[in-house]
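Below is one structure, written out as structure tokens, with a few remarks after it.
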Amino acid sequence: MPAETSHTPHHMSHTAPVEYTCPMHPEVVQHKPGSCPKCGMFLEPREVSADSRPDEHAGMDHSAMNHDDMAFMSMIDVTKDLPRSNDGLPMDWIDVPFGPFFPGLPSALLLILTLDGDTVAGARAQTLAENTALLPDSAAMDAEHFVERLAKLDPLAPLAYRLLARRAIENAAGVEIAPTTARGRIGALERERIASHLGWLALFAQQTGFDWLLQRATALQLHSQQANRQQMLALKPEIDRLKKRLQRTPLLKSRSVGLGQLLPDDKLRGPVARAAGITDDARSTDPAYIALGFKTSQRNTSDILARLQVHLDEISHSLVLIEAAGSIDTLPLPVVADASGDGEAVVETPRGSARLQLRLDQGRVISAQLDTPSTQHLSLINALTEQQALGDALLAVGSLDLSPWEIRQ
Amino acid sequence: MTSLLIILLLLAGAYLVAVLEAWIANGRLRFATPVLAGIAMLGRESIVPRQPDRIFFETAPVLLLISAILGAMVLPLTPDLITTDLATGALFINAALVYVLVALLMAGWGPDGAYAMIGGWRFLGQLIAYAMLIVMPITAVAMRAESLLTTQIVVSQAGLWNIVYQPLGFGLFFVAAMALAFLPPFDLATANSELASGVEAEYSGVRLAVFRLARLTLVMTLAAATVVFYLGGWQGPWLPPWAWSGLKILAVTAAMLLAGRLMPRIREADLMAWGWMLGIPLALLNIFLVGVLVLVWP
Amino acid sequence: MSSLQQYGLLLGITIGTVGFVLSLFALARTFGKARREPGKDVPATAGQLSRDPVWVRYHARYYGYALLFLAFDMEMAFMYPWAVVYKQVGLVALLDMGVFLAILFLGLLYGWSQGALRRQ
Amino acid sequence: MTTQAFFIGFFGLAAVWFGVVVFRTHSMMRSALALLFSQTALGAMFLGMQAEFLGVLQIMMMATEMSIMAIFMVMFMMDPGGLGEMEMTHQKRLSLVAGFVAFTGAAAVAVLFDWGPVVSVAPDAAQQTADLGLELLGRSMLIFETAGITILTAMIAATAVAILPIEAKTTTNEY
Chain A
1 MPAETSHTPH HMSHTAPVEY TCPMHPEVVQ HKPGSCPKCG MFLEPREVSA
51 DSRPDEHAGM DHSAMNHDDM AFMSMIDVTK DLPRSNDGLP MDWIDVPFGP
101 FFPGLPSALL LILTLDGDTV AGARAQTLAE NTALLPDSAA MDAEHFVERL
151 AKLDPLAPLA YRLLARRAIE NAAGVEIAPT TARGRIGALE RERIASHLGW
201 LALFAQQTGF DWLLQRATAL QLHSQQANRQ QMLALKPEID RLKKRLQRTP
251 LLKSRSVGLG QLLPDDKLRG PVARAAGITD DARSTDPAYI ALGFKTSQRN
301 TSDILARLQV HLDEISHSLV LIEAAGSIDT LPLPVVADAS GDGEAVVETP
351 RGSARLQLRL DQGRVISAQL DTPSTQHLSL INALTEQQAL GDALLAVGSL
401 DLSPWEIRQ
Chain B
410 MTSLLIILLL LAGAYLVAVL EAWIANGRLR FATPVLAGIA MLGRESIVPR
460 QPDRIFFETA PVLLLISAIL GAMVLPLTPD LITTDLATGA LFINAALVYV
510 LVALLMAGWG PDGAYAMIGG WRFLGQLIAY AMLIVMPITA VAMRAESLLT
560 TQIVVSQAGL WNIVYQPLGF GLFFVAAMAL AFLPPFDLAT ANSELASGVE
610 AEYSGVRLAV FRLARLTLVM TLAAATVVFY LGGWQGPWLP PWAWSGLKIL
660 AVTAAMLLAG RLMPRIREAD LMAWGWMLGI PLALLNIFLV GVLVLVWP
Chain C
708 MSSLQQYGLL LGITIGTVGF VLSLFALART FGKARREPGK DVPATAGQLS
758 RDPVWVRYHA RYYGYALLFL AFDMEMAFMY PWAVVYKQVG LVALLDMGVF
808 LAILFLGLLY GWSQGALRRQ
Chain D
828 MTTQAFFIGF FGLAAVWFGV VVFRTHSMMR SALALLFSQT ALGAMFLGMQ
878 AEFLGVLQIM MMATEMSIMA IFMVMFMMDP GGLGEMEMTH QKRLSLVAGF
928 VAFTGAAAVA VLFDWGPVVS VAPDAAQQTA DLGLELLGRS MLIFETAGIT
978 ILTAMIAATA VAILPIEAKT TTNEY
């Protein structure tokens, strides 16, 4: 099998002359790298030496073989080193990229799946979003600038990160905030949560080809992004109708129940954790939230259906919180003249709790560490997709609600 | 002459399907959109991926179109408006539409791209799930008509349409026909979010236009087949026969297009399991029920 | 119309369809040709330039169904002529086909019990 | 008569051509689909011979069966894409001789055998189908039911050979 040679490492240590040959077509030899004119594969480097014609290709040459010794094409010989599927059949596996521009996944997320047929045998995921320069590592920056930068870190949840930066700075500077301000912030954060969760629904709908839901969720998401309190509260009947409709949708349950299951793990955050029965919610310890009658939504099955239900429950509950909060704050920039100190804050972003630690010196942020939910979730992808059918695997990855922008590698 | 008329009607029907599809998708009824989209597609570059199986790549869209058109040739719009009233018409339409599978396999394998190839093989699995649910209900229809002639099948429904006489068969056939036309929720082979359009992924420009035209024609053919086999064909009071055929075909098309929007795509494993563990036993039950019914109350 | 004429007509329609598609291609050609640019002809891979061929041994997980399907497909050959004369023959035909289908159904049940009807 | 001759001649040549392609190509997929179209052409020949039911059945069944053969070839044959340009023929001399002998034999039978008077008028296609049905339910009923048993045997054999039983699978599975 010529494919075996394609992964053989070649000795490249000394400076023997190198030529390039196709793993499939040994007769194709070039002096510089490129692709094979016959099949388009990358040419592999090879040292020029006396035995430059590899013997393993003789097995392909039927007409020249003596058939009596049965040396040709023994399936057992040829397939014995191939990876086995769980039904015992040795097959060729291919690496297929899904992303950075794939219709069913967030942009900038690169997911490379090793496919065995249309079953996922392994997965590698990384983000291609440019976000490494957003936090100051050496150069100090003033507090307002820092808040702006953090708000731009994740375009999918700007308010949550803005709030996170503000609270960490206020914590460092020892600023107390008024209860009305705290409630206004809750209003803003919950509005963003509703928009984000509707975005989750829209992605779910897109991944499953559920056009009606895609249109509804997208329209509601656009409505809710900049809505004031009255406009938000006016969405309630529509959201209730949407939930009722989803309960009656055929195939929805079979599409999501028992799929994408995750073991309860301390890497789980936010709705993914709450769908797994873990009470992990930064809001449940926040006195301002407790005063508004906050309660966590929880499911135990840890599958895609549970995540769907948690997202739907939280949309409704966030509306209740917005109603109780009484206002939606605009989150103006902080004024911390020349305070110094260490600060820490945890905010329950729509994707789970994000934690920021920073050091403030004379009103300037001199160091900061950020921990985001998507960073944790990225490492779950392999366990989530292994041995799943392709559609199920992609849906499970989508149900994690990864934001490539907040992933810190 | 008749055949030319029917082909023109078929193309007009495919056009209406496109209008209907856009209407259902975005709520705007615009008759010019498909023409403009078609011209735009002709004007776009038609790229051939590197090192493909060129014969497969070029043949697939044409074969899909031929398959859809030939399938429609045995379906009567009125007692006289039929191209070839083949004596084995009900079997012939199956034979023609099986080449939808062959076309999609070619389209999947041809371009040497991962998304397309997986889409093609997925459709073979889909065929294994739906094929029996096409042929077994048609058998039951033929039992009542005592003939494989499609005109005879329509005539046999003069007293009572088959949708009432064998509702189980109708349900199975309708669902299977949607699966044959890879309409949502059975669009496993062309799933946009799972395979970036799957078998259609590598087609662009005029080749994609042919592919889309073939798909629309296929929907038309299957709607017409549903009407002929289950909805009494051209029969109906007051209106002339061609009007009844047209109205029924459009209604079935709309139902097929609408259903897919209201539910998520089916999982391949579920499709196979339900097709075999539920669909085939039900189809056999349908044959048995119709068998008894035909003997006691023809 | 004799049946041979009908087949001839169907063949003619097939050829006509090919001609129609070719004329569409010619029409598109008058708008202009595709320009050759590097990277353009790489099969769709979501933004990555994957260069390896994918024509490999593909693991179809439905092979259990496929094996049973071959048998069921065969059986349909008998169903159509049977259906045509069913009413004429009556009860005998019902019993006959009942036995035949029962035999086939046994095969289905066996496959089912052994796990052929699932994703392998 | 000319239509008939044209049909049989044209599709006969097509069938032979596709049959040759089966072995002339390197790709398993092309090979499988060439066989499919060879069989389709045979079906069209049946149509030309006024055996409509048989022809349409052939055209229909071969498409699914050969497609399923294609997936099994792609699953189990080396290098299904033919990128290694594998030779598809084996034992060339023997097969040449065997092919020549078979062809001469068939041609000799066709030419030398006394076929008797040619039946000028075949019953029409609808009648043929009905006759076939009556034959199945009458004289050939036993053959028909035996075919059922044969298919059952094939199903059981295929399942037993190819399917890993449920118990064995659950023990090898980790999840």
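Chains as they are written, first to last, in this note's numbering: chain A, 1 to 409; chain B, 410 to 707; chain C, 708 to 827; chain D, 828 to 1002. Here a beta-carbon is modelled for each residue, glycine too, at the ideal position from N, C-alpha and C.
Check your understanding: Using a beta-carbon distance cut-off of less than 9 Å, what residues from the segment 90-101 of chain A approach chain C?
Key -> PRO90, MET91, ASP92, TRP93, ILE94, ASP95, VAL96, PRO97, PHE98, GLY99, PRO100, PHE101
Check your understanding: chain D partners of GLY719(C), CB-CB under 7 Å?
Key -> Neighbours of GLY719(C) on chain D: none; closest Cβ ~11 Å, over 7 Å.
Check your understanding: Among residues of its own chain, excluding the 5 on either side of VAL397(A), which ones have a beta-carbon nearer than 7 Å to its beta-carbon?
Key -> LEU105, LEU111, ILE381, LEU384, THR385
Check your understanding: Quick one: is SER858(D) near chain B, going by C-beta distance under 8 Å?
Key -> no
Point to revise | Under the three-state DSSP convention, the category GLN98(A) falls into | key: Before going further, note that residue 98(A) is Phe rather than Gln in the sequence given. Note: PHE98(A) maps to strand in three-state DSSP.
Review point. Roughly how many angstroms lie between the CA atoms of LEU416(B) and ILE478(B), to the nearest whole one?
Key: It should be pointed out that residue 416(B) corresponds to Ile in this sequence rather than to Leu. Their backbone Cα atoms lie some 8 Å apart in a straight line.
Point to revise | Option nearest ASP265(A) by Cα separation, candidates PRO155(A), SER302(A), THR180(A) | key: SER302(A)
Practice item. Note down, in chain order, each residue of its chain lying with its Cβ closer than 7 Å to the Cβ of LEU774(C), except the 5 sequence neighbours on either side. Key: ALA823
Check your understanding: What is the rounded straight-line gap between the Cα of LEU438(B) and the Cα of LEU671(B)?
Key -> 19 Å
Exercise for review: Could you tell me whether the Cβ of GLN821(C) comes closer than 8 Å to any Cβ of chain D?
Suggested key: yes
Review point. Would the beta-carbon of THR852(D) fall within 8 Å of that of SER858(D)?
Key: yes
Practice item. Identify whether ALA623(B) lies in helix, strand or coil by the three-state DSSP scheme. Key: helix
Exercise for review: Consider the Cβ of ASP748(C): report whether some Cβ of chain D lies at a distance smaller than 8 Å.
Suggested key: no
Review point. Could one say the Cβ of GLU879(D) lies closer than 8 Å to chain B's Cβ atoms, at least one of them?
Key: yes
Exercise for review: Starting from the N-terminal side, write out each stretch of the alpha helix (DSSP H) that is 4 residues or longer and does not extend beyond the segment 745-820 of chain C.
Suggested key: 770-796
Exercise for review: State yes or no: is the beta carbon of ASP494(B) nearer than 8 Å to at least one beta carbon in chain E?
Suggested key: Included in the structure are the protein chains A, B, C and D, with no chain E among them.
**Study point:** Residue range of the beta strand (DSSP E) that includes SER353(A)
**Key:** 352-361
Point to revise | Short CB-CB distance (under 8 Å) between MET902(D) and chain C | key: yes
Review point. Is there at least one Cβ from chain B nearer than 8 Å to LEU201(A)'s Cβ?
Key: no
**Study point:** CA nearest to the CA of GLY174(A), picked from GLU144(A), GLY363(A), LEU213(A)
**Key:** GLY363(A)
Exercise for review: Quick one: grab the DSSP three-state call for GLY965(D).
Suggested key: coil
Point to revise | Residues near LEU390(A) in its chain [Cβ-Cβ closer than 6 Å; skip 5 each side] | key: ASP118
Review point. Does the beta carbon of TYR817(C) come closer than 8 Å to any beta carbon on chain B?
Key: no
Review point. What's the C-alpha gap between VAL573(B) and LEU514(B)?
Key: 36 Å
Check your understanding: Can you name the residues that DSSP bridges to GLY343(A)?
Key -> LEU358(A)
Exercise for review: Rank ALA121(A), GLY352(A), LEU115(A) by C-alpha distance to the C-alpha of ALA275(A) and give the top, closest one.
Suggested key: GLY352(A)
**Study point:** Contact check, ASP759(C) vs ILE456(B), beta carbons under 8 Å
**Key:** no
Exercise for review: Could you work out which residues of chain A lie near ARG702(C), taking near to mean beta carbons separated by less than 7 Å?
Suggested key: Since the displayed chain C opens at 708 and closes at 827, residue 702(C) lies outside it and no answer follows.
Review point. Of the residues that make up the segment 651-677 of chain B, which ones have a beta carbon closer than 8 Å to any beta carbon in chain A?
Key: GLY669, ARG670, LEU671, MET672, PRO673, ARG674, ILE675, ARG676, GLU677
Review point. From what residue to what residue does the beta strand (DSSP E) around THR120(A) run?
Key: The question names Thr, yet the displayed sequence has Val at residue 120(A). That run of the beta strand (DSSP E) goes 119-127.
Practice item. List the residues of chain C whose Cβ lies closer than 7 Å to the Cβ of ASP249(A), in chain order. Key: Checking the sequence, you will find Thr at residue 249(A) rather than Asp. Neighbours of THR249(A) on chain C: none; closest Cβ ~24 Å, over 7 Å.
Review point. In three-state DSSP terms, what is PRO45(A)?
Key: strand
**Study point:** Per-residue burial, ASP51(A) [other beta carbons within 10 Å of its own, 16 or more giving buried]
**Key:** Only weak support is given to the placement of ASP51(A): the predicted model assigns it a pLDDT of 45, under 50, and the question is left unresolved by the model.
**Study point:** Other residues of its chain near GLU314(A): CB distance less than 7 Å, five sequence neighbours each side excluded
**Key:** ARG193, HIS197, PRO271, SER297
Point to revise | Within 8 Å of chain C by C-beta, residues of the segment 867-900 of chain D in sequence order | key: ALA871, LEU874, GLY875, GLN877, GLU879, PHE880, LEU884, MET888, THR891, GLU892, ILE895, ILE898, PHE899
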